[in-house]
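Below: the structure, in structure tokens.
Residue numbers (the numbering used here): 126 to 229.
In structure tokens form, the structure reads like this:
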């Protein structure tokens, strides 16, 4: 998923606002430090996701026969290889469910 820096910052404000409202959360850093950490974390996760997608696309394009993007076969291979990459990285099945919701 590609998000602009502006959208990531907006998301970080929303997450921080929700954390402030939550009685179970106690801030040990100031609000802006927490928000900046959220921005960095989301940015890093999205960067890793892009790397996985590039690797999956390479694997699909390296098949002996040409597989057209958007075809059922391409989509099945994408999901399979994406899931394999996530497992290899130690990322849980919850992320796989997110990916199944749509990689485009």
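Glycine residues also receive a C-beta, built at the ideal position from the N, C-alpha and C atoms.
Taking residue 158 as the reference, which of 146, 172, 141 has the closest Cα? 141
Give the DSSP-derived three-state secondary structure of residue 169 in the structure shown. helix
Cβ separation of residue 177 and residue 207, assumed to be a contact under 8 angstroms, to the nearest whole Å: 6 angstroms
Might you give, ordered along the chain, the residues of its own chain that have their beta carbon closer than 7 angstroms to the beta carbon of residue 160, omitting 5 neighbours on each side? Only 137, 138, 141 meet the Cβ criterion.
For residue 197, three-class secondary structure by DSSP: helix
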